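Structure first, commentary second.
Following this line, the structure appears as structure tokens:
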């Protein structure tokens, strides 16, 4: 049967192993649009520069791949791929001893062979990072060729040794060789093989498989560590297990299991493509699921393509809805983060402004000290600048602690010091004139006995006050021979001036006066009213926005889950 008479894709399946009548890669890629490459990722040299447009390169061009590639002419076949590729090139690539100089890369059209080969490498090797890359076969046209196609058409005289063994291997594995390199545009996904162990069809397991469990390697129905087991034997055992089930179970396996494995192969590409091109994403996953469903029994898949396409479409819609909800939540989280940044910036500006204000006020108050020696000029300045609501600040005098001698005895005689001369201010009624013959130094006053309760030596002001204010001063003036025409007010003012001058000279009694100071700002207690008001307003806006968004969106549970 020719390829032209084949029905549309669900009926044009490849056999489980080998090819049918058609072996041309271009014709096969029309109904089998996927290639699978089993490989182990290699660590890139940190000093080398790699071309980001290249997924992998053939061994012959490794040195070129490790340097920047300006032109890919050397990695492109010189002519039509089926003409420039010879049978000796195929054998050179398949021989382990000469593969390092091959200009080709190995791929396969069979997903089952890719799983079988990857599991063999996974169980028998020391490295468990084996991956399966899913490629777009149509993107490699012009540089890919089926190995069996070249070997089948090779003349007898051109067939090298071990031709039959490698021809059988190329046919069973449905091997396709790619010349030079595989571009990134042809790579759909690349997944570790361990991620699909629990996504395989149920006839790959010993017992009925629960999709909620993660099966271990011992649950698989095949011993991949057995090196004597061939891929042909693997296909026969899997088919036998498939037909042991009832038709209902086989229908379930053909639909559900194929969609699950197909979406696992193309998971990252499917989730990314469904956002912008949903029809393309649905088509790719459906095509691969149909190939998987028809692998065990291609005659039992009539009409399954419609059911599979419907399931994939429903899955794509759910993924797109979930993705949009997640994007909306992410966008809302970014908005909240931006608002928080604005609030913090505003608080910082307010704090800096308040600190600048408090700094200017503290600088303006540094011109004056807390305590100053009393002087008439400072007293006059303080009286002019004192607020009206404040009461006059009393004069405070620092007195040293009494000596041990003053505490003994019942009384302590105190003789106040008398100034040598009294210079009274000019007054119209003052009769103390030096030219009148009055003595400038008064006679000493009698001793005054202080009570026991007195614990410090009295000051001169207190000694004068013991004379009974104005009458005492008048008697003191009479003892000096002063005429009675001097008023008590005038003499009291003169005595006060004399006492202030003497106190300023005495080191043991310093009169200090607290001068008024500009009001200092209160220490900052927490957040200022402006920043608190701004934070409350923005917080209310954010909370209101979140509540409104959650109430209006149908995916409120998902949103709340992301927010929490």
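Residue numbers (UniProt numbering): 1 to 564.
Virtual Cβ for every residue (Gly too), placed ideally from N, Cα, C.
If you're wondering where the values come from, they're calculated on a predicted model, not measured in any experiment.
Using the Cβ count rule (16 or more neighbours within 10 Å means buried), how would you classify residue 284?
Taking the chain shown and counting its residues from 1, one reaches residue 284 at position 284. The Cβ neighbour count for residue 284, taken over all protein chains shown within 10 Å, is at least 16; the residue is labelled buried.
What residue range is occupied by the uninterrupted alpha helix (DSSP H) comprising residue 262?
Within the chain shown, the letter at position 262 stands for residue 262. First-last of the alpha helix (DSSP H) with residue 262: 258 to 265.
Is it right to say residue 14 is buried, meaning 16 or more other beta carbons lie within 10 angstroms of its own, or is it exposed?
The count along the chain shown starts at 1 and reaches residue 14 at position 14. Under this definition residue 14 is a buried residue.
Does the beta-carbon distance from residue 199 to residue 264 come in below 9 Å?
Sequence index remark: in the chain shown, residue 199 carries index 199 (1-based). Sequence index remark: in the chain shown, residue 264 carries index 264 (1-based). It is a contact, given that the beta carbons lie within the stated cut-off.
How many angstroms separate the CA atom of residue 106 from the CA atom of residue 190?
What you label residue 106 is simply residue 106 of the chain shown in a count that begins at 1. What you label residue 190 is simply residue 190 of the chain shown in a count that begins at 1. The straight-line gap from Cα to Cα measures roughly 15 Å.
Can you confirm whether the segment 252 to 259 touches the segment 178 to 197 when touching is taken to mean that 3 or more C-beta pairs between the two stretches lie within less than 8 Å?
no
Name the residue from 206, 172, 165 whose alpha carbon lies nearest to the alpha carbon of residue 23.
Working through the chain shown from its first residue, we reach residue 23 at position 23. Residue 23 has its Cα closest to that of 172, out of 206, 172, 165.
Given a cut-off of 9 Å on the beta-carbon distance, is the pair residue 286 and residue 262 in contact?
Numbered from its first residue, the chain shown carries residue 286 at position 286. Numbered from its first residue, the chain shown carries residue 262 at position 262. Contact annotation: residue 286 and residue 262 have beta-carbon atoms nearer than 9 Å.
For residue 183 versus residue 53, is the C-beta spacing smaller than 9 Å?
Mapped onto the chain shown, residue 183 falls at position 183. Mapped onto the chain shown, residue 53 falls at position 53. In this structure, the beta-carbon distance from residue 183 to residue 53 falls below 9 Å.
Please go through the same chain and pick out, in chain order, the residues whose beta-carbon is closer than 6 Å to the beta-carbon of residue 409, but skip the five residues on each side of it.
Stepping through the chain shown from its first residue, residue 409 is reached at position 409. Note that residue 409 scores a pLDDT of 43, beneath 50, so its modelled location is shaky and nothing firm can be said.
Give a yes or no on whether the C-beta atoms belonging to residue 234 and residue 114 are separated by under 9 Å.
What you label residue 234 is simply residue 234 of the chain shown in a count that begins at 1. What you label residue 114 is simply residue 114 of the chain shown in a count that begins at 1. No. Outside cutoff.
For residue 375, collect the residues of the same chain with a Cβ closer than 6 Å to its Cβ; drop the 5 residues on either side in sequence, then sort them by chain order.
Sequence index remark: in the chain shown, residue 375 carries index 375 (1-based). Only weak support exists for where residue 375 lies, its pLDDT of 49 falling under 50; the coordinates are left without a value.
Give a yes or no on contact between the segment 73 to 87 and the segment 142 to 152, applying the rule of three or more CB pairs nearer than 8 Å.
yes
Threshold first: 4 residues or longer. Then list the alpha helix (DSSP H) segments lying entirely within the segment 96 to 175, N to C.
111 to 124, 147 to 152, 163 to 172
Same chain, Cβ closer than 7 Å to residue 116, neighbours up to 5 away in sequence not counted:
By one-based count along the chain shown, residue 116 stands at place 116. Cβ within range, chain order: 231, 234.
As assigned by DSSP and simplified to three states, the class of residue 548
Taking the chain shown and counting its residues from 1, one reaches residue 548 at position 548. Helix, per DSSP.
Just to confirm my understanding: we take residue 307, look at its own chain, exclude 5 residues before and 5 after, and list those with CB closer than 7 Å. What are they?
The sequence position of residue 307 within the chain shown is 307, counting from 1. The answer, listed in chain order, is 255.
For residue 572, which three-state DSSP category applies?
The question about residue 572 has no answer, for the chain in this structure spans 1 to 564.
So the beta strand (DSSP E) residue 234 belongs to, where does it begin and stop?
Mapped onto the chain shown, residue 234 falls at position 234. Segment 231 to 243 is the alpha helix (DSSP H) holding residue 234; no beta strand (DSSP E) there.
From this set, 258, 351, 535, which residue's C-alpha is nearest residue 304's C-alpha?
As a working mapping, residue 304 is identified with position 304 in the chain shown. Out of 258, 351, 535, the CA that lies nearest to the CA of residue 304 is found in 258.
Kindly identify the DSSP beta-bridge partner or partners of residue 36.
Numbered from its first residue, the chain shown carries residue 36 at position 36. According to DSSP, which records beta bridges pairwise, residue 36 is partnered with 108, 134.
Between the alpha carbons of residue 552 and residue 542, how many angstroms are there, rounded?
Here residue 552 refers to the residue found at position 552 of the chain shown. Here residue 542 refers to the residue found at position 542 of the chain shown. Each residue's alpha carbon lies about 15 Å from the other.
Should residue 571 go down as buried or exposed, given a rule of 16 or more other Cβ atoms within 10 Å for buried?
For residue 571 there is no data in the structure shown, the boundaries of the chain being 1 and 564.
Does DSSP put residue 200 in a helix, a strand or coil?
For the purposes of this step, residue 200 is identified with residue 200 of the chain shown, where counting begins at 1. Residue state, collapsed to three classes: coil.
Enumerate in chain order the residues of its own chain whose CB-to-CB distance from residue 282 is below 6 Å, with the five nearest sequence positions on each side excluded.
Numbered from 1 along the chain shown, position 282 holds the residue referred to as residue 282. Hits under 6 Å: 312, 313, 316.
Quick one: what's residue 189 bridged to in DSSP?
Walking along the chain shown from the start, residue 189 turns up at place 189. Note: residue 189 is bridge-paired with 134 in the DSSP secondary-structure output.
Just to check my reading of the structure: residue 121 and residue 134 have Cβ atoms closer than 8 Å, yes? What is that Cβ distance to the nearest angstrom?
Walking along the chain shown from the start, residue 121 turns up at place 121. Walking along the chain shown from the start, residue 134 turns up at place 134. Actually they do not touch by this definition, with Cβ atoms about 17 Å apart.
Quick one: residues in its chain with C-beta nearer than 7 Å to the C-beta of residue 295, no 5 flanking neighbours on either side, listed in chain order?
Here the question's residue 295 lines up with position 295 in the chain shown. Counting only Cβ-Cβ distances below 7 Å, and skipping sequence neighbours, we find 16, 112.
Bridge partner(s) assigned by DSSP for residue 57:
Reading the chain shown from its first residue, position 57 is the one you call residue 57. Residue 57 is bridged to 181.
Determine the burial state of residue 29: buried for a count of at least 16 other Cβ atoms within 10 Å of its Cβ, exposed for fewer.
Stepping through the chain shown from its first residue, residue 29 is reached at position 29. Its Cβ being crowded by 16 or more others within 10 Å, residue 29 is buried.
For residue 350, name the three-state secondary structure that DSSP assigns.
To locate residue 350, count along the chain shown from 1; it is residue 350. It is helical.
In the structure shown, what three-state DSSP assignment does residue 14 receive?
Your numbering for residue 14 matches position 14 in the chain shown. Note: residue 14 maps to coil in three-state DSSP.
Rounded straight-line distance, which links the Cα of residue 330 to that of residue 108:
For the purposes of this step, residue 108 is taken as the residue at position 108 of the chain shown. For the purposes of this step, residue 330 is taken as the residue at position 330 of the chain shown. Between the alpha carbons of residue 108 and residue 330 lies a distance of about 41 Å.
Pull the bridge partners of residue 280 from the DSSP assignment, please.
Numbered from its first residue, the chain shown carries residue 280 at position 280. DSSP, once it has assigned bridges, lists no residue as partnering residue 280.
Looking at residue 119: is its Cβ nearer than 9 Å to the Cβ of residue 25?
Residue 119 sits at position 119 when you count from the first residue of the chain shown. Residue 25 sits at position 25 when you count from the first residue of the chain shown. Their beta carbons are not under 9 Å apart, which means residue 119 does not touch residue 25 by this criterion.
Option in 176, 32, 289 with minimal Cα separation from residue 309
Counting from 1 along the chain shown, the entry for residue 309 is found at position 309. Answer by Cα proximity: 289.
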